[in-house]
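Single-structure report; data block below.
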Amino acid sequence: MNKPLIKTVDLSKWYGEIIGLNSFEIEISSGITGLIGPNGSGKSTFLNLANGTLKPKTGQITVLGQNPWMNSKLMSNIGFCPDYDNLSDEVTGREFLELVGGLHGIKGIKLKNRINEISEVVGMKDELYRKIGGYSKGMRQRIKLAGSIIHEPKLLLLDEPLSGADPQVRKSLIELIKSLHNDLGHDIIISSHVLYEVERLTNKIALIYKGRAIASGEISEIRNLIDEHPHNIIIEGNKISDLAKKLLDMKYTISVGYQEDRKIIKVQVSKPDEFFETITELITSLDCEIERMYSIDDNLEAVFNYLVEG
Amino acid sequence: MVQRKFRCPNCLGVETFSGKPGEVIHVTCPSCGAEGKVAFNNISSSIKSDQISSNYKINADNITVKFGRITALESFSVKIPEDVVGLLGPNGAGKSTFIKVVLGLLKPERGKIFLTDHRRPDNLTELRDLIGYMPEHDCLIESMNAFDLVSYMGQISGMLPKDAIRRSHEVLDFVGIGEVRYRSISSYSTGMKQRVKLAQAIVHDPEILFLDEPTNGMDPFGKKEMLSLISDIAKTGKTIVVCSHLLHEVEQICNYVVILNQGRLLKTGSMKEILSGEKGRYHLELRGKNKDLEKILDILGSKYEIVSADYVIGKLIVIIKNIDSSLELFNLIKKHDVQIRSYKPDKLILEDVFIQSFKGGSANGD
Amino acid sequence: MGIDRIKYRPWNGEKSSHFRRVYAISRKIFFQKMKSKGILAILIIGIILVHAFPILFGAVIPHEELTAEMMVGDNVLIGSYLKNGLSIIFILLLVSVACSDLIAQDLNDKSFVLYFSRPIKTLDYLTGKMGGVIGVISILTLVPLIVFCLVMIGTQTGDDYGSSLNILGKTIIAGILTTVFFISYGVMISSLTKKKTYAGVGIFISFFVLTTIGSFFTTFDQNWSLVSPTNLLFYSYDMIYGFDLPTDLNPNIFGVLFVCILFIPLVVTYFQVYRIEVGK
Chain R
1 MNKPLIKTVD
11 LSKWYGEIIG
21 LNSFEIEISS
31 GITGLIGPNG
41 SGKSTFLNLA
51 NGTLKPKTGQ
61 ITVLGQNPWM
71 NSKLMSNIGF
81 CPDYDNLSDE
91 VTGREFLELV
101 GGLHGIKGIK
111 LKNRINEISE
121 VVGMKDELYR
131 KIGGYSKGMR
141 QRIKLAGSII
151 HEPKLLLLDE
161 PLSGADPQVR
171 KSLIELIKSL
181 HNDLGHDIII
191 SSHVLYEVER
201 LTNKIALIYK
211 GRAIASGEIS
221 EIRNLIDEHP
231 HNIIIEGNKI
241 SDLAKKLLDM
251 KYTISVGYQE
261 DRKIIKVQVS
271 KPDEFFETIT
281 ELITSLDCEI
291 ERMYSIDDNL
301 EAVFNYLVEG
Chain X
311 MVQRKFRCPN
321 CLGVETFSGK
331 PGEVIHVTCP
341 SCGAEGKVAF
351 NNISSSIKSD
361 QISSNYKINA
371 DNITVKFGRI
381 TALESFSVKI
391 PEDVVGLLGP
401 NGAGKSTFIK
411 VVLGLLKPER
421 GKIFLTDHRR
431 PDNLTELRDL
441 IGYMPEHDCL
451 IESMNAFDLV
461 SYMGQISGML
471 PKDAIRRSHE
481 VLDFVGIGEV
491 RYRSISSYST
501 GMKQRVKLAQ
511 AIVHDPEILF
521 LDEPTNGMDP
531 FGKKEMLSLI
541 SDIAKTGKTI
551 VVCSHLLHEV
561 EQICNYVVIL
571 NQGRLLKTGS
581 MKEILSGEKG
591 RYHLELRGKN
601 KDLEKILDIL
611 GSKYEIVSAD
621 YVIGKLIVII
631 KNIDSSLELF
641 NLIKKHDVQI
651 RSYKPDKLIL
661 EDVFIQSFKG
671 GSANGD
Chain C
677 MGIDRIKYRP
687 WNGEKSSHFR
697 RVYAISRKIF
707 FQKMKSKGIL
717 AILIIGIILV
727 HAFPILFGAV
737 IPHEELTAEM
747 MVGDNVLIGS
757 YLKNGLSIIF
767 ILLLVSVACS
777 DLIAQDLNDK
787 SFVLYFSRPI
797 KTLDYLTGKM
807 GGVIGVISIL
817 TLVPLIVFCL
827 VMIGTQTGDD
837 YGSSLNILGK
847 TIIAGILTTV
857 FFISYGVMIS
867 SLTKKKTYAG
877 VGIFISFFVL
887 TTIGSFFTTF
897 DQNWSLVSPT
907 NLLFYSYDMI
917 YGFDLPTDLN
927 PNIFGVLFVC
937 ILFIPLVVTY
947 FQVYRIEVGK
């Protein structure tokens with residue numbers, strides 16, 4: 001139970017001069033785990049190392065306790081949904097699934113039943129007869145997902161399944177992925193560059209940046225990470241100059257400045273968490289009426305920016 | 311007092327006016343005598359341009375395009391203002407088709423496109439002259455280097471070689487391509503290729519720009535840069551049409567929105583109009599332990615009218631109506647062990663508007 | 677980012693004429709090709725092997741004037757100057773290499789949109805591209821011929837410059853014909869595939885195939901020789917210089933096939949690219 005799904009030790013992979021993963025260390029346990037990092041941070045490299053398509057240059061990776069490289073037995077327990085789309089436009093959805101199923105050694109009646117099952121799960125049952133060329137982007141994602149679960153793998157690796165999708169499609173795909181775990185019991189690792197989407201799927205996040213594992217843990221820990229770097233906070237209201245003066249006395253304040261007009265200030269704080277703990281009290285003690293207050297840096301992008309500059 | 315350059319929508323000449331930052335003044339164009347308003351942006355970090363445009367730039371009238379039995383555009387009429395305009399819609403909605411019609415690459419079965427400053431390009435080449443296009447897909451000539459390609463395209467756009475060369479360097483500096491401009495494009499990363507695509511679209515300084523998914527495949531830093539490049543270009547008075555499915559980006563830089571689906575126009579309006587919420591309606595984000603959040607939600611519910619509450623672990627987002635006094639609310643919350651992480655007037659985010667426009671779309675969310 | 681942020685500056689320069697835009701394409705193609713080591717090698721070796729000897733020979737051997745015979749007739753030492761298999765092979769090689777990526781590259785890179793979002797139509801695009809490549813090919817098909825003629829005229833013993841210049845004029849026509857003859861075909865093949873290697877090989881091989889079919893079937897009916905493009909070209913040389921077609925050839929068939937091989941590829945190419953202009 002406590003054995004990790006995926007474990008890496010000092011895992012590195014490079015392509016000529018380009019580094020994909022750099023001494024990457026991570027332990028992923030069961031459930032849904034989000035792997036978040038900007039484009040080019042190494043997510044696809046990691047997933048390809050995990051599904052045995054790539055071989056590490058140094059270090060090791062174990063998936064379900066085994067080395068995935070050239071391990072066809074392990075492959076049958078892993079489902080992979082890549083971010084690129086190389087579906088052939090000329091085949092129908094059904095033909096595609098038959099092909100994929102056949103590659104996994106499923107045939108005959110078993111294949112037929114399986115196809116019906118999974119097409120129901122992904123909501124494509126009525127569209128199987130159509131050629132893939134006529135599918136919308138959302139439908140293509142669904143059929144790709146179906147192809148990745150057809151052999152009932154224990155572990156699903158989904159590489160940016162929500163990218164390029166319209167908001168509606170994204171919402172329905174999120175529901176689908178949730179049900180794959182909750183109803184069908186798959187363990188899922190999903191990579192994305194948007195925290196907002198993954199937040200709705202799971203509590204367990206790993207951050208990757210420039211090929212390195214930055215942090216992993218629960219969302220609250222990630223939020224603490226976001227709080228570890230300085231935040232810029234915008235406050236608008238009346239008596240704002242009084243508030244500004246009081247803020248200048250606080251130890252966590254780095255700077256306070258006026259924005260646009262003297263009703264809006266921007267406060268830079270070194271310890272955001274402390275700031276938010278005390279600001280409500282500060283505001284009410286001055287009887288300030290606040291029109292708005294928010295932090296510009298309360299997101300992952302700010303963390304990555306910070307890492308770039310810092 | 312600052313001096314800024316503005317483009318007169320009537321005679322298209324570039325004129326200089328003085329004013330105070332944040333001011334909007336009435337002016338008369340010295341070249342052609344047309345009257346209008348100009349707005350002086352603040353020099354702050356705000357990315358949006360507040361320039362007021364009184365003219366529509368492109369007028370599409372009743373465009374219908376069919377491919378066999380598939381109707382790509384159906385009686386599509388839209389007036390695109392001289393501003394940064396977001397062209398939104400799901401894949402297959404007709405956005406690319408529309409761009410092709412404007413570029414003259416597709417002939418519509420019915421309908422016309424013309425510019426409303428009383429010029430109706432009689433031949434299509436005249437219209438193409440005014441347009442720069444940044445396609446979504448890979449389209450760069452891999453065997454050339456960025457500098458070669460951009461100056462080549464400049465010449466094809468009608469620039470003299472020496473102008474094209476100088477301008478190519480200028481534009482490559484602007485988009486952030488440095489020494490690497492002398493290396494073959496096949497060695498470029500996606501982000502660099504996007505920049506080069508932008509560079510070739512602006513090398514001849516067209517009045518109208520069509521940018522199709524400009525931040526595609528770029529890392530977050532690159533995306534931010536691209537967006538501010540686009541805003542920069544907008545300050546010179548161009549009409550920029552941005553096609554994107556990344557709504558939060560569109561929200562950041564566009565002042566006007568056109569939403570379409572299945573070849574039809576769904577909604578159009580300025581960003582302010584589309585996103586305006588009601589007065590007294592606020593968006594509140596609270597953080598704390600789950601039990602404290604549950605408690606505060608109950609308390610808020612008994613005192614205020616709650617429009618929606620979204621709960622992710624450790625975080626609670628509430629939208630509340632009819633708030634008269636923030637002080638009252640803050641005093642109430644102060645008594646409990648939760649942090650107010652953000653408090654702001656509730657405006658719709660573009661995503662909500664987008665999804666709402668599609669109520670009545672097909673079942674599997676396409 | 678920082679105070680030194682580079683701002684966008686508008687450009688208000690003068691626009692060039694339409695011709696210059698097309699010329700820009702030609703110029704780019706021309707210089708691109710001329711920088712290629714392969715093409716330079718073919719040009720140099722071709723000129724040396726095919727033209728150096730005749731030019732030297734012609735300058736040294738005394739002659740009264742430049743005649744048509746010297747151009748197309750059989751010479752005991754070098755065979756025919758113009759109707760020369762080796763010459764055709766080199767021209768074919770050059771055309772295959774030079775034309776292979778002309779349009780194939782744009783098909784591969786999908787860069788048509790960069791052209792057609794500008795005030796360029798299919799015709800301009802093709803004119804530009806072909807113009808550039810004509811410049812390159814004519815270095816092998818036209819320039820050495822002109823040099824030969826000028827050398828012959830310069831070293832002739834007779835006084836009749838008029839008729840020599842007349843032959844020079846006809847030679848120029850022959851040279852231009854040769855250039856266009858191959859290029860129209862080469863460009864068409866380039867527009868049919870994304871891979872320039874396929875295109876290059878395709879141009880080369882298909883010509884050989886046609887030539888072989890032509891010579892094979894000649895045993896049945898002399899008119900079959902017209903299927904070979906090489907023969908079509910050689911017979912046209914004859915006609916340019918004022919000689920008649922061989923009597924057992926049907927002049928109508930000749931005329932039709934000649935027009936076909938010259939114009940049909942151009943039409944096909946035009947439609948290939950036009951489809952892309954309006955489809956993309």
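So the protein sequences, as listed, match chains R, X and C. Numbering (the working numbering) for the first sequence: 1 to 310. Numbering (the working numbering) for the second sequence: 311 to 676. Numbering (the working numbering) for the third sequence: 677 to 956. Heads up, the beta-carbon is just placed ideally off N, CA and C, and yes, glycines get one too. Please read these numbers as outputs of a predicted model, since none were measured by experiment.
CB contact check: residue i to chain C, cutoff 7 Å
i, result
"residue 546 of chain X", "yes"
"residue 327 of chain X", "no"
"residue 477 of chain X", "yes"
"residue 468 of chain X", "yes"
"residue 452 of chain X", "yes"
For residue i, the three-state DSSP class (helix, strand or coil)
i, result
"residue 93 of chain R", "helix"
"residue 936 of chain C", "helix"
"residue 370 of chain X", "strand"
"residue 945 of chain C", "helix"
"residue 231 of chain R", "strand"
"residue 592 of chain X", "strand"
"residue 299 of chain R", "coil"
"residue 574 of chain X", "strand"
8 Å CB neighbourhood of residue i in its chain, flanking five on each side removed
i, result
"residue 683 of chain C", "none"
"residue 770 of chain C", "715, 718, 719, 722, 812, 813 and 816"
"residue 659 of chain X", "557, 558, 561 and 585"
"residue 91 of chain R", "99, 131 and 132"
Straight-line gap, residue i to residue j (C-alpha atoms, nearest Å)
i, j, result
"residue 377 of chain X", "residue 109 of chain R", "40 Å"
"residue 883 of chain C", "residue 75 of chain R", "51 Å"
"residue 117 of chain R", "residue 152 of chain R", "11 Å"
"residue 390 of chain X", "residue 405 of chain X", "13 Å"
"residue 311 of chain R", "residue 203 of chain R", "No information on residue 311 of chain R is available, as it lies outside the stretch 1 to 310 that chain R covers here."
"residue 945 of chain C", "residue 861 of chain C", "9 Å"
"residue 172 of chain R", "residue 879 of chain C", "52 Å"
"residue 358 of chain X", "residue 397 of chain X", "Unreliable positioning characterises residue 358 of chain X in this predicted model, as indicated by a pLDDT of 32, which lies under 50. The coordinate reading is nonetheless provided below. In a straight line, the C-alpha of residue 358 of chain X is about 17 Å away from that of residue 397 of chain X."
"residue 534 of chain X", "residue 524 of chain X", "11 Å"
Neighbour flag for residue i against chain X, beta carbons, 7 Å
i, result
"residue 689 of chain C", "yes"
"residue 866 of chain C", "no"
"residue 778 of chain C", "no"
"residue 795 of chain C", "yes"
"residue 682 of chain C", "yes"
"residue 686 of chain C", "yes"
Residues near residue i in its chain [Cβ-Cβ closer than 6 Å; skip 5 each side]
i, result
"residue 475 of chain X", "461"
"residue 574 of chain X", "384"
"residue 338 of chain X", "345"
"residue 100 of chain R", "147 and 150"
"residue 61 of chain R", "8, 11 and 49"
Any C-beta of chain R under 7 Å from that of residue i
i, result
"residue 361 of chain X", "Reliability fails at residue 361 of chain X, whose pLDDT of 38 lies under 50, so the model's placement of it is uncertain and no value is given."
"residue 653 of chain X", "yes"
"residue 260 of chain X", "Given a span of 311 to 676 for chain X in the structure shown, any question on residue 260 of chain X remains unanswerable."
Where residue i falls, given that 16 or more other Cβ within 10 Å makes a residue buried
i, result
"residue 467 of chain X", "buried"
"residue 342 of chain X", "exposed"
"residue 936 of chain C", "exposed"
"residue 694 of chain C", "exposed"
"residue 643 of chain X", "buried"
"residue 179 of chain R", "exposed"
"residue 666 of chain X", "exposed"
Residues of its chain near residue i, where Cβ-Cβ distance is below 7 Å and the 5 sequence neighbours each way are ignored
i, result
"residue 855 of chain C", "810, 813, 814, 817 and 818"
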